[in-house]
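Please read the structure below before turning to the comments.
In the working numbering, the protein residues as written are 5 to 93.
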(Lines of atoms letter the chains of each structure in order from A; the text may use other names.)
(Lines give C-alpha, C1' and ligand atoms only; values in the text may rest on other atoms or scores of the structure.)
Protein backbone atom coordinates (compact mmCIF):
# COMPACT_ATOMS: atom_id res chain seq x y z
CA UNK A 5 0.00 0.00 0.00
CA UNK A 6 0.97 3.58 -0.50
CA UNK A 7 0.90 6.37 2.05
CA UNK A 8 -1.27 9.44 1.60
CA UNK A 9 1.86 11.42 0.69
CA UNK A 10 2.76 8.91 -2.01
CA UNK A 11 -0.75 9.11 -3.48
CA UNK A 12 -0.60 12.88 -3.75
CA UNK A 13 -0.57 13.95 -7.38
CA UNK A 14 2.18 16.05 -8.85
CA UNK A 15 2.01 17.87 -12.13
CA UNK A 16 4.68 17.05 -14.71
CA UNK A 17 5.21 18.28 -18.22
CA UNK A 18 5.50 15.88 -21.13
CA UNK A 19 6.44 16.37 -24.73
CA UNK A 20 4.73 13.78 -26.90
CA UNK A 21 4.50 13.33 -30.63
CA UNK A 22 1.33 14.76 -32.14
CA UNK A 23 0.20 11.36 -33.39
CA UNK A 24 0.36 9.98 -29.83
CA UNK A 25 -1.70 12.86 -28.50
CA UNK A 26 -4.25 12.29 -31.27
CA UNK A 27 -4.46 8.60 -30.34
CA UNK A 28 -4.81 9.45 -26.66
CA UNK A 29 -7.57 11.93 -27.50
CA UNK A 30 -9.43 9.23 -29.45
CA UNK A 31 -9.35 7.02 -26.35
CA UNK A 32 -10.50 9.88 -24.12
CA UNK A 33 -13.60 10.31 -26.26
CA UNK A 34 -14.24 6.59 -26.69
CA UNK A 35 -13.86 5.64 -23.01
CA UNK A 36 -14.86 8.93 -21.36
CA UNK A 37 -11.56 9.36 -19.49
CA UNK A 38 -9.01 12.15 -19.47
CA UNK A 39 -5.45 12.19 -20.77
CA UNK A 40 -3.96 11.91 -17.29
CA UNK A 41 -5.84 8.70 -16.57
CA UNK A 42 -4.67 7.11 -19.82
CA UNK A 43 -1.05 8.16 -19.31
CA UNK A 44 -1.11 7.04 -15.66
CA UNK A 45 -2.47 3.60 -16.58
CA UNK A 46 0.08 3.27 -19.40
CA UNK A 47 2.94 4.10 -17.03
CA UNK A 48 1.65 1.66 -14.39
CA UNK A 49 1.40 -1.06 -17.02
CA UNK A 50 4.92 -0.34 -18.30
CA UNK A 51 6.43 -0.41 -14.81
CA UNK A 52 4.63 -3.65 -13.97
CA UNK A 53 5.87 -5.25 -17.19
CA UNK A 54 9.46 -4.16 -16.53
CA UNK A 55 9.34 -5.56 -12.98
CA UNK A 56 8.04 -8.87 -14.35
CA UNK A 57 10.83 -8.91 -16.94
CA UNK A 58 13.40 -8.44 -14.17
CA UNK A 59 11.95 -11.37 -12.24
CA UNK A 60 11.94 -13.61 -15.31
CA UNK A 61 15.49 -12.57 -16.14
CA UNK A 62 16.52 -13.46 -12.59
CA UNK A 63 14.86 -16.85 -12.90
CA UNK A 64 16.57 -17.44 -16.25
CA UNK A 65 19.94 -16.46 -14.78
CA UNK A 66 19.37 -18.81 -11.84
CA UNK A 67 18.52 -21.72 -14.14
CA UNK A 68 21.62 -21.03 -16.24
CA UNK A 69 23.72 -20.96 -13.10
CA UNK A 70 22.23 -24.25 -11.91
CA UNK A 71 22.88 -25.80 -15.33
CA UNK A 72 26.51 -24.65 -15.16
CA UNK A 73 26.85 -26.20 -11.70
CA UNK A 74 25.26 -29.44 -12.90
CA UNK A 75 27.58 -29.58 -15.91
CA UNK A 76 30.65 -28.86 -13.77
CA UNK A 77 31.30 -25.47 -15.38
CA UNK A 78 30.79 -23.63 -12.13
CA UNK A 79 31.68 -24.36 -8.51
CA UNK A 80 28.60 -24.99 -6.38
CA UNK A 81 30.11 -22.87 -3.61
CA UNK A 82 29.64 -19.77 -5.77
CA UNK A 83 25.87 -19.44 -5.69
CA UNK A 84 25.94 -15.70 -5.10
CA UNK A 85 23.51 -14.77 -7.89
CA UNK A 86 21.07 -17.52 -6.99
CA UNK A 87 21.20 -16.66 -3.30
CA UNK A 88 20.63 -12.97 -4.04
CA UNK A 89 17.68 -13.81 -6.27
CA UNK A 90 16.13 -16.09 -3.68
CA UNK A 91 16.59 -13.41 -1.02
CA UNK A 92 14.62 -10.98 -3.18
CA UNK A 93 11.73 -13.44 -3.44
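Glycine included, each C-beta is placed from N, C-alpha and C at the ideal position.
In the structure shown, residue 58 adopts helical secondary structure according to DSSP, grouped into three states. Taking 8 Å as the upper bound for CB-CB distance, residue 55 and residue 69 are not in contact here, some 21 Å apart.
Secondary structure at residue 12: coil, using DSSP grouped into helix, strand and coil.
Going by C-alpha positions, residue 11 is about 17 Å away from residue 52. The alpha-carbon separation between residue 41 and residue 18 amounts to approximately 14 Å.
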